Amino acid sequence: MFALGLIETVGFTTAVSAADAAVKAADVEIIGMEKVIGVGGYVGVTIHLSGDVAAVSSAVEAGRKQGELIGKIISTDVIPRAHSEVSKKLLSKFLIKNTAEQEPPNVPQPVPENMKPEKKPGKSSGVSKTSKGRSKAKDKVVDDIETKNIAGNEDEEKN
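Note that the sequence shown ends on residue 159 in UniProt numbering; no numbers are left out.
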């Protein structure tokens, strides 16, 4: 037996937080989202959830609690066994399209090998490396320190 759950919020951030908490709390699916401008001068957002009656009840309650921590919840409701006319006539305009096959927007994709810039021969990163993996400048400092230590030890041995 499926139910319809509704969480109506003021503001998009509150709606996202409520929806996130709802789907994490129970085995429900977000089936729609409705945005209305004018609720107290703000954007009103209603999240539509679907699933088993008990799961939807738990999800709506979890979403309500989380939404109240972030912003304002206008109302919540769980409709057990919602009539098909409600879904067809009232909610069909707000259904979320299946995006499982689409890539999320603005996600950086790896650059294909054939598109990477070629390294030019003779060019280096600007730091010469020695066989020990250190830069030549670091090797010189190490050599200078070792030379001074050896020289210093010889002076101590003479005294």
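Cβ coordinates follow ideal geometry from the N, Cα and C atoms, glycine included. From a predicted model like this one, the values you see are computed outputs, not experimental measurements.
Original post:
In whole angstroms, what separates the C-alpha of glycine 38 from that of valine 45?
Top reply: What you label residue 38 is simply residue 38 of the sequence shown in a count that begins at 1. What you label residue 45 is simply residue 45 of the sequence shown in a count that begins at 1. Cα-Cα distance, rounded: 11 Å.
Original post:
Under three-state DSSP, which class holds glycine 38?
Top reply: Numbered from its first residue, the sequence shown carries residue 38 at position 38. Three-state DSSP puts glycine 38 in a strand.
Original post:
With a Cβ-Cβ cutoff of 7 Å, do isoleucine 47 and alanine 15 count as a contact?
Top reply: Working through the sequence shown from its first residue, we reach residue 47 at position 47. Working through the sequence shown from its first residue, we reach residue 15 at position 15. Their beta carbons are under 7 Å apart, which means isoleucine 47 touches alanine 15 by this criterion.
Original post:
Taking Cβ positions, are alanine 18 and glycine 51 nearer each other than 7 Å?
Top reply: Counting from 1 along the sequence shown, the entry for residue 18 is found at position 18. Counting from 1 along the sequence shown, the entry for residue 51 is found at position 51. Cβ distance not < 7 Å, so alanine 18 and glycine 51 don't count as in contact.
Original post:
For valine 60 versus glycine 11, is the C-beta spacing smaller than 7 Å?
Top reply: Counting from 1 along the sequence shown, the entry for residue 60 is found at position 60. Counting from 1 along the sequence shown, the entry for residue 11 is found at position 11. Cβ atoms of valine 60 and glycine 11: not closer than 7 Å.
**OP:** Put aspartate 27 into one of helix, strand or coil per three-state DSSP.
**Re:** In the sequence shown, residue 27 corresponds to position 27, counting from 1. DSSP places aspartate 27 in coil when its eight states are reduced to three.
Subject >> Cβ distance (whole Å) where glutamate 31 is taken to contact valine 23 below 8 Å >> reply: Position 31 of the sequence shown, counted from the first residue, corresponds to residue 31. Position 23 of the sequence shown, counted from the first residue, corresponds to residue 23. Strictly speaking, residue 31 in this sequence is isoleucine, with glutamate absent from that position. Rounded, the Cβ-Cβ distance is 11 Å, inconsistent with contact.
Original post:
What's the gap between the Cα of threonine 9 and the Cα of lysine 35?
Top reply: Here residue 9 refers to the residue found at position 9 of the sequence shown. Here residue 35 refers to the residue found at position 35 of the sequence shown. The alpha-carbon atoms of threonine 9 and lysine 35 are separated by roughly 10 Å.
**OP:** Kindly indicate which residue of Asp27, Ala25, Met33 and Ala26 has the alpha-carbon position closest to the one of isoleucine 7.
**Re:** Translated into positions along the sequence shown, residue 7 becomes position 7. Ranking Asp27, Ala25, Met33 and Ala26 by Cα distance to isoleucine 7 puts Met33 first.
**OP:** Could you name the residues of the same chain whose beta carbon sits closer than 7 Å to that of glutamine 66, not counting the 5 residues immediately before and after it, in chain order?
**Re:** Counting from one through the sequence shown, the residue named residue 66 turns up at place 66. The residues are Ser17, Ala18 and Ala21.
Original post:
Would you call leucine 49 buried or exposed, if buried means 16 or more other Cβ atoms sit within 10 Å of its Cβ?
Top reply: Your numbering for residue 49 matches position 49 in the sequence shown. Its Cβ being crowded by 16 or more others within 10 Å, leucine 49 is buried.
Original post:
From which residue to which residue does the beta strand (DSSP E) around glycine 71 run?
Top reply: As a working mapping, residue 71 is identified with position 71 in the sequence shown. Neither: glycine 71 is in no beta strand (DSSP E) and is coded neither H nor E.
Original post:
Do you know offhand how far asparagine 13's Cα is from alanine 54's?
Top reply: Here the question's residue 13 lines up with position 13 in the sequence shown. Here the question's residue 54 lines up with position 54 in the sequence shown. Just to set this straight, residue 13 is threonine in the shown sequence, not asparagine. Distance between the alpha carbons of threonine 13 and alanine 54: 26 Å.
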